[in-house]
Amino acid sequence: MKYLLVAAARPNFMKVAPILEAFRARGQEDVLLVHTGQHYDRRMSDEFFRDLRIPEPDINLGVGSGSHARQTARVMVEFEDVCLAHRPDWVIVVGDVNSTLACALTARKLGIPVAHVEAGLRSRDMSMPEEINRLCTDAIADLLFTTDRISNENLRREGVPESRIRFVGNTMIDTLTRHIDRARQLPLPEGLEAGRYAVLTLHRPGNVDRQDVLDGILASVRGVADRIPVVFPVHPRTAQRVNGNAEHPNLRLTEPMSYLPFLGLVARSRMVLTDSGGIQEETTVLGVPCITMRPNTERPITCEIGTNVLVGNDPGRIREAAARVLHAEPPAPCRPEMWDGHAAERIVHTLLHENPVSC
Ligand code: UD1
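Numbering (numbering that gives the first Met the number 0), first residue to last: 0 to 358.
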């Protein structure tokens with residue numbers, strides 16, 4: 000059997016790393032890693048490969064940035080040639096970025112079975128490009144690997160038969176589990192003390208593409224920085240609109256950070272303010288309070304049993320949530336069911352031994 004495993008953007012790299020490792024551990028060498036090149040900066044891509052010890056991609060499509068249509072279309076055109084040249088038995092896609100959908104669609108139309116890792120997450124917010132990517136990918140993928148029971152239920156409600164759903168756990172948490180000890184040993188940036196700083200990340204189009212919305216969020220963050228130092232690794236999308244609005248002696252802007260330093264930073268922080276998806280999951284497992292600056296989440300389990308609260312992008316609510324965290328005892332770490340570090344092994348076992356049939 001031959002597998003093509005697709006990675007595209009920053010949040011994908013920690014999801015493919017343990018899958019690749021699990022394939023290799025079972026002696027399955029016929030796995031080609033395809034990097035679509037959606038993220039291409041050293042700090043958004045190469046450094047993750049180094050930190051996570053992922054081998055060089057076998058194939059790089061080099062698609063780069065562009066509008067949604069252009070980026071998605073370019074991936075499809077390039078990936079079609081790869082599929083035709085290599086004739087894989089399965090294409091494996093992860094997450095919800097444009098490349099996830101582009102590769103799933105390309106493979107499906109060539110009659111190649113598709114497995115989607117992290118299927119069934121739903122924010123029910125169609126203004127998020129990722130929600131469109133999730134819905135469309137799950138509609139056409141043959142095998143849907145889920146991270147939690149809520150996702151199973153979402154898929155069932157959409158009419159997906161049980162035979163296509165496999166509840167396996169969370170590959171992002173596999174990677175966290177492997178690397179957390181190393182990450183915690185890295186020195187913190189100069190002047191920061193464990194438990195006495197906050198971390199900020201922002202990149203959602205809904206928060207950073209409109210200057211007034213971003214200005215409001217950063218005004219509330221400056222309020223947080225009056226009380227505790229805030230470290231802010233700035234995503235390239237966000238960098239275009241960060242100016243005087245992020246000036247505060249206690250607000251420290253940095254370049255995007257690679258996996259290990261960022262994980263070490265988050266793990267020892269007092270709280271995280273974010274609009275990311277994956278960070279809501281990582282903070283749940285680390286027992287770090289997470290204030291999510293979005294009106295909804297596709298990962299509700301992190302609010303139900305984890306450390307996550309949703310506050311939208313209203314500056315008053317962000318400040319209040321941060322104040323509450325500073326007055327409360329730190330929460331306990333929590334591992335949702337099957338977030339045990341072995342999700343990738345279950346995925347690979349299913350693909351190699353259960354002989355799943357395409358739908
Ligand atoms: C993409 C994903 C999002 C994911 C995020 C993580 C989609 C629809 N969005 O959003 O789900 O959470 O990645 O970062 O797929 N840029 C660089 N260097 C890079 C990559 C991007 O400078 O290596 C800049 C470009 O100016 C680009 C902008 O960042 O236009 C946005 O990049 P893009 O890949 O379009 O989407 P993200 O906002 O990163």
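Ideal Cβ positions, reconstructed from N, Cα and C, are used throughout, including at glycine.
- Short note on E129: C-beta closer than 7 Å to some heavy atom of ligand 1.
- Counting the other CB atoms within 10 Å of its CB gives E77 a total of 16 or more, which places it among the buried residues.
- For ligand 1, no non-hydrogen atom lies closer than 7 Å to the CB of A16.
- If the five residues before and after R226 are omitted, its C-beta is found closer than 7 Å to the C-beta atoms of L325, all from its own chain and listed in chain order.
- With contacts defined as CB atoms closer than 8 Å, V74 and V62 qualify as a contacting pair.
- When distances are taken from the beta-carbon of S44 to the heavy atoms of ligand 1, the shortest one is below 7 Å.
- The alpha-carbon separation between A193 and T105 amounts to approximately 46 Å.
- Taking every protein chain shown into account, the CB of N242 has fewer than 16 other CB atoms within 10 angstroms, so this residue is exposed.
- With a cut-off of 8 Å on Cβ pairs, the region 272-287 is in contact with the region 326-340, counting three or more such pairs.
- A contact between stretches requires three or more CB pairs, one per stretch, nearer than 8 Å, and the region 52-71 meets this requirement with the region 29-37.
- For the pair H115 and M270, the Cα-to-Cα distance works out to about 31 Å.
- With a minimum length of 4 residues, the unbroken runs of alpha helix (DSSP H) contained wholly in the region 122-189 fall at 128-139, 148-156 and 170-184.
- Contiguous alpha helix (DSSP H) elements confined to the region 230-261 occur at 235-238, taking only those with 4 or more residues.
- Among the bridge pairs identified by DSSP, A118 is matched with T145.
- C82 and I111 do touch by the CB rule: their CB atoms are close to 6 Å apart, below 8 Å.
- For V310, the secondary structure class from DSSP, reduced to helix, strand or coil, is coil.
- Between T291 and D274, the C-beta gap is smaller than 8 Å, which places the two residues in contact.
- A distance below 7 Å between beta-carbons, with the five flanking residues on each side excluded, links R293 to the following residues of its chain, in chain order: R203, D274, L309 and G311.
- Along the length of the region 273-323, whole alpha helix (DSSP H) runs at least 4 residues long occupy 277-285 and 300-303, reported in chain order.
- Secondary structure of L109 (DSSP, three-state): coil.
- In the DSSP annotation of this structure, I91 is not part of any alpha helix (DSSP H); the continuous beta strand (DSSP E) holding it starts and ends at W89 to V93.
- In this model, S268 and P228 are separated by some 10 Å (Cα to Cα).
- Taking the Cα positions, S257 is about 6 Å away from F47.
- Under the 10 Å beta carbon count, D50 is surrounded by 16 or more other beta carbons and is classified as buried.
- Here A138 is exposed, its C-beta having fewer than 16 other C-beta atoms within 10 Å.
- Residue burial is scored here from C-beta neighbours: D40 has fewer than 16 other C-beta atoms within 10 angstroms and is therefore classed as exposed.
- Between R121 and N153, the gap from beta carbon to beta carbon is short of 8 Å.
- In the structure shown, A266 falls within a helical segment according to DSSP collapsed to helix, strand and coil.
- Looking at the DSSP output, V220 shares a beta bridge with no other residue.
- I58 is bridged by DSSP to V33.
- For A197, there is no enclosing alpha helix (DSSP H); the enclosing beta strand (DSSP E) covers residues A197 to L199.
- Between the region 177-185 and the region 211-220 there are fewer than three inter-stretch CB-CB distances shorter than 8 Å, so the stretches are not counted as touching.
- Between P255 and M13 the beta-carbon gap is near 14 Å, outside 8 Å, which marks them as no contact.
- Contact between V230 and Y196 holds: their C-beta atoms lie close to 6 Å from each other, under 8 Å.
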